[in-house]
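Just below is one structure, and these are the notes that go with it.
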Amino acid sequence: MPRRADPGRELRSPGEGGPMSRGARPWTVESPPILPQMVLAAEHYNRLVRMVQKGVTPELEIDIESTYHDGDANCFNIIAEIPGTDLKDEVVMIGAHFDSWHSGTGATDNAIGCGVMIEAMRILKTIGASPRRTIRIALWTGEEQGLLGSRAYVAEHFGTLQTPPAAAQGEPRPKPVLEYKPQYEKLSTYFNLDNGAGKIRGIYLQGNEAARPIFRAWLSPFGDYGASTVTSANTGGTDHQSFTGIGLPGFQFIQDPIEYDTRTHHSSMDVYERLIEEDAKQSSVIIASFAYHAAMRDEKIPRRALEGNPTMQPMPKASSSEESK
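Note that our numbering numbers the sequence shown so that position 319 is 1600, with each residue one more than the last.
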């Protein structure tokens, strides 16, 4: 598709450059300009359609003004934990991102996810749980800019996947290299919540079939509360991918969509009134249960083989000068 020199001031005529599609990508200072997008509420869009169908030609005037502040690039994750006992050096993690889009107040994306995770930890503390493994909560920053907080945490504590340059024509494709840290073997699993305010209906396996019987058993007490689905399907676009990307077990729960995709997601209507208290309570109990079971079982959660069968090698130790920074 041709690129305009100043896409913010020139729109395409119908059909120019082929079909247009809506999308998003992380923004950086070096990013080239792209055609801005405007998403209409369904009611406004449908009104325009009705006008066109009646032979009326609507005229739209849109004023988009955005300012990116990049003077301070630092952002921070929030980490807390319940220490384990005999397996305290091993970790079960739960988490959600606390950053949000600016147009609303981020209630369903993703303050509710953070609230549910904090409540799950409160439940475990209140009942006096003494988990074998350490249970760690992470509230991530920078998710909306590209999973920045969780990716940085995973790289710092667990490892990175290095993809070699493409091979020359006729040469075998080089294998990726997974450089791992000692804590890589200590993580049992990570559970994420980031699909709106709806109650939990089940869990995505991310292709990790070995976890199916485990999660099915853990969900069985919650069938009467509407949570019973265990699917091998993948879901993306949130922080569990930072873990699965280097072969660690990471999972996102299936949630009732309610009006998340149709009304509140990344919109000015993402506000407190869209939250559902009873659904949040249900989700908190289920996540507390999953975290506790994962922390108490004899074995860690099984891992799925990474695509490309990467070469595994320990990450080189930092030099003394690097460690002092």
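Even for Gly, the Cβ is constructed at its ideal location relative to N, Cα and C.
In this model, S1347 and S1384 are separated by some 11 Å (Cα to Cα). Of the candidates N1590, E1540 and V1397, the residue whose Cα lies closest to the Cα of A1561 is V1397. Comparing alpha carbon positions, the residue from N1590, E1580 and A1576 closest to T1366 is A1576. Per DSSP, W1499 is one residue of the alpha helix (DSSP H) stretching across R1493 to L1500. Cα atoms of W1382 and E1425: separation of roughly 7 Å, rounded to the nearest angstrom. Y1349 sits in coil when the DSSP states are folded into three classes, being neither helix nor strand. F1534 is bridged by DSSP to I1484. For R1328, the enclosing alpha helix (DSSP H) begins and ends at A1323 to Q1334.
By the CB criterion at 9 Å, D1520 and G1376 fall inside the cutoff.
In this chain, I1404 is not harboured by any beta strand (DSSP E); it is covered by the alpha helix (DSSP H) spanning I1393 to T1407. Excluding sequence positions up to five before and after K1467, its CB lies within less than 7 Å of the CB of D1370, E1371 and V1372, all in the same chain and listed in chain order.
For L1587, there is no enclosing alpha helix (DSSP H), as DSSP marks it with neither H nor E. DSSP lists no beta-bridge partner residue for M1319. CA-CA distance, M1402 to M1596, rounds to 32 Å. In the DSSP assignment, E1540 falls outside any alpha helix (DSSP H), carrying neither H nor E. Around the beta carbon of C1395, 16 or more other beta carbons sit within 10 angstroms, so the residue counts as buried. Its chain contains S1523 as the residues whose beta carbon lies nearer than 6 Å to that of R1432, once the 5 sequence neighbours on both sides are disregarded; these appear in chain order. For Y1461, the uninterrupted beta strand (DSSP E) segment begins and ends at V1458 to Y1461. Distance check between I1557 and each of N1473, Y1349 and G1477 places G1477 closest, using alpha-carbon atoms only.
Counting of Cβ neighbours within 10 angstroms places G1589 among the exposed residues, the total staying below 16. Residue burial is scored here from C-beta neighbours: Q1536 has at least 16 other C-beta atoms within 10 angstroms and is therefore classed as buried. Taking the Cα positions, P1314 is about 14 Å away from I1345. For the pair T1525 and T1516, the Cα-to-Cα distance works out to about 11 Å. Excluding five sequence positions before and after P1591, the CB atoms of its chain that fall closer than 7 Å to its own CB belong to L1442, K1456, P1457, V1458 and L1459, given in chain order. Taking C-beta atoms as the reference points, L1405 and Y1553 fail to come closer than 9 Å. For S1501, the number of other beta carbons within 10 angstroms of its own is below 16, and it is reported as exposed. When rounded, the separation of the alpha-carbon atoms in V1511 and P1530 is 15 Å. As a beta-bridge residue in DSSP terms, N1473 pairs with G1376 and Q1533.
Secondary-structure assignment with DSSP links T1415 through a beta bridge to V1372. The beta carbon of F1379 sits closer than 6 Å to the beta carbons of C1395 and L1420 from its chain, once the five residues preceding and following it are set aside; these are given in chain order.
Secondary structure note for G1440: its beta strand (DSSP E) is the uninterrupted segment G1440 to Q1443. Judged by DSSP in its simplified three-state form, V1435 adopts helix.
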